[in-house]
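Engineer: The sequence shown begins at 709 in this note's numbering and counts up by one.
Got a structure for you, questions after.
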Amino acid sequence: MPFLKLNTNSAIDTELKSKLLGELSQLVSKETGKPERYVMISIEQNDAMLFAGSTTSLAYLECKSIGLSSSQARNLSAAICQLLNARLSIPQDRIYIEFSNCPADFWGWNGSTFG
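This is the structure in structure tokens:
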């Protein structure tokens, strides 16, 4: 049920994108305590992004999950920022992450909801 969407203006080749998808999936599973079989990751590249008046490498992420706590959000923020800095050379102060705790009744899957 966790979903992480990465939007960035950094160039990501096919091989790196595949590796990053797997790393982010494992990271989200570990930090949320949810089985990886429920984790969904999306990576989108968008050249038309601006942050603090600059087009220097940046990222905006949305992370949604059922039962996401504030401590999990802090841990995810640290881990995601470290990973994106290591893999894409995005400075950690050019990364925004929006976290959402979604009620189980409002997360659909397999023809029903988790609630």
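Glycine residues also receive a C-beta, built at the ideal position from the N, C-alpha and C atoms.
1. Roughly how many angstroms separate the alpha carbons of E752 and L729, rounded to a whole number?
2. Please go through the same chain and pick out, in chain order, the residues whose beta-carbon is closer than 7 Å to the beta-carbon of S733, but skip the five residues on each side of it.
3. Anyone know if the C-beta pair for A767 and I798 falls short of 8 Å?
4. Over what stretch of residues does the beta strand (DSSP E) that includes E744 continue unbroken?
5. In this structure, how does DSSP classify T821 when only helix, strand and coil are distinguished?
Structural biologist: Judging by the given coordinates:
1. Sequence index remark: in the sequence shown, residue 752 carries index 44 (1-based). Sequence index remark: in the sequence shown, residue 729 carries index 21 (1-based). When rounded, the distance between both Cα atoms is 11 Å.
2. For the purposes of this step, residue 733 is taken as the residue at position 25 of the sequence shown. E744, V747, I749, listed in sequence order.
3. Reading the sequence shown from its first residue, position 59 is the one you call residue 767. Reading the sequence shown from its first residue, position 90 is the one you call residue 798. Yes, Cβ-Cβ distance for A767 and I798 is below 8 Å.
4. Here the question's residue 744 lines up with position 36 in the sequence shown. Per DSSP, E744 belongs to no beta strand (DSSP E) and is neither H nor E.
5. Taking the sequence shown and counting its residues from 1, one reaches residue 821 at position 113. In this structure, T821 counts as strand in the three-state DSSP scheme.
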